[in-house]
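Here's the structure we're looking at; comments come further down.
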Amino acid sequence: EAGVAQSPRYKIIEKRQSVAFWCNPISGHATLYWYQQILGQGPKLLIQFQNNGVVDDSQLPKDRFSAERLKGVDSTLKIQPAKLEDSAVYLCASSPQTVELPNSPLHFGNGTRLTVT
Amino acid sequence: KQEVTQIPAALSVPEGENLVLNCSFTDSAIYNLQWFRQDPGKGLTSLLLIQSSQREQTSGRLNASLDKSSGRSTLYIAASQPGDSATYLCAALTQIDKYIFGTGTRLKVLA
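Heads up: the protein sequence lines correspond to chains A and B, in order. When we follow the working numbering, the leftmost residue of the first sequence carries the number 1, and every step to the right adds one. When we follow the working numbering, the leftmost residue of the second sequence carries the number 1, and every step to the right adds one.
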């Protein structure tokens with residue numbers, strides 16, 4: 001099966017600019033996650049979708065970050081305006097996990113490395 | 001609030017050694033615990049998933065154990081190889097359907 005696809009792989013922007021990341025999950029996976037991974041740390045959940053509905057966005061800085069999952073498939077994560085501390089790797093993951101399938105593994109994309117200067 | 005800790009933060013061993021990576025979690029109410037491998041510049045690759053009702057899972061040279069009562073999981077790597085060099089992360093799936101990740105153990109296996 002094809003894996004989780006993310007683009008772009010790298011992005012360098014200046015602070016206060018905007019940026020968008022795209023994710024195509026594994027076909028049929030109901031749950032989609034966006035994580036932020038700062039160098040030397042574990043991934044931190046930003047937002048979780050179940051189909052096209054938001055399950056958890058409690059750690060998403062909503063004044064600058066936004067995300068959507070159209071038609072319950074692809075997803076985009078946007079940052080506007082970017083700050084220096086947003087420099088990190090942004091990882092998308094998907095899972096077939098639902099109430100009926102609570103023990104399904106996470107599958108990650110290769111991530112987008114964002115550098116804000 | 002669930003917290004996940006991994007010790008050691010970094011480990012360097014000669015090729016051929018057996019080694020153990022540790023993962024601790026504060027809240028035993030988990031659905032499962034998953035071990036991942038992350039190579040530089042890459043995403044995370046799932047290695048093993050242990051459901052809360054299980055004690056261990058094995059895949060090749062890897063064996064992961066889970067002790068919910070003590071809040072611990074270990075990843076055992078037998079006969080380590082230079083290709084095992086990577087960062088290993090554990091993640092606990094909490095009752096509220098959220099994965100909490102540890103900060104990882106950076107492993108280097110020397111040829």
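For each residue, glycine too, the CB sits at the ideal point set by N, CA and C. On a predicted model such as this, the values are computed, not experimentally measured, just so you know.
What residues in its chain sit with their C-beta under 8 Å from that of residue i, if we drop five residues either side in the sequence?
i	result
Asp-57 of chain A	Leu-46, Ile-47, Gln-48 and Ala-67
Pro-132 of chain B	With chain B represented from 1 up to 111, any question about residue 132 of chain B goes unanswered, as that position is not in the structure.
Leu-19 of chain B	Leu-11, Val-13, Tyr-76, Ile-77, Ser-80 and Leu-107
Gly-3 of chain A	Ile-26, His-107 and Gly-109
Since residue i sits in a beta bridge, which residues does DSSP pair it with?
i	result
Tyr-10 of chain A	A:Arg-113
Tyr-90 of chain A	A:Gln-36 and A:Thr-112
Lys-78 of chain A	A:Ala-20 and A:Ser-66
Arg-37 of chain B	B:Thr-45 and B:Tyr-88
Leu-62 of chain B	B:Ser-59 and B:Ile-77
Leu-21 of chain B	B:Leu-75
Could you tell me the alpha carbon to alpha carbon distance between residue i and residue j, rounded to whole angstroms?
i	j	result
Arg-37 of chain B	Arg-16 of chain A	34 Å
Asn-110 of chain A	Pro-40 of chain B	10 Å
Ile-79 of chain A	Ala-20 of chain A	6 Å
Arg-72 of chain B	Thr-5 of chain B	10 Å
Asn-51 of chain A	Ser-104 of chain A	15 Å
Ala-93 of chain A	Ala-91 of chain B	13 Å
Glu-17 of chain B	Val-54 of chain A	45 Å
Gln-97 of chain A	His-29 of chain A	7 Å
Asp-86 of chain A	Gln-59 of chain A	14 Å
Gly-43 of chain B	Ala-64 of chain B	21 Å
Taking DSSP as the reference, what is the three-state secondary structure of residue i?
i	result
Glu-85 of chain A	helix
Pro-105 of chain A	coil
Leu-70 of chain A	helix
Pro-14 of chain B	strand
Asp-84 of chain B	helix
Arg-106 of chain B	strand
Asp-27 of chain B	coil
Using a Cβ-Cβ cut-off of 7 Å (strictly less than) and excluding sequence neighbours within five positions of residue i, which residues of its own chain qualify?
i	result
Thr-45 of chain B	Phe-36 and Arg-37
Pro-8 of chain A	Thr-112
Considering only residues of the same chain and omitting the five flanking positions on each side of residue i, which have a CB-CB separation below 6 Å?
i	result
Ile-7 of chain B	Asn-22
Pro-43 of chain A	Tyr-35, Gln-37 and Leu-91
Please decide whether residue i counts as near chain E, where near means a Cβ-Cβ distance under 8 Å.
i	result
Gly-28 of chain A	Protein chains in the displayed structure are A and B, and chain E is not among them.
So, under 8 Å CB-CB, residue i and residue j are touching, yes? Tell me the CB distance rounded to an integer number of Å.
i	j	result
Ala-82 of chain A	Ser-18 of chain A	7 Å
Gln-112 of chain B	Asn-32 of chain B	Because chain B here runs from 1 to 111, residue 112 of chain B falls outside it and cannot be looked at.
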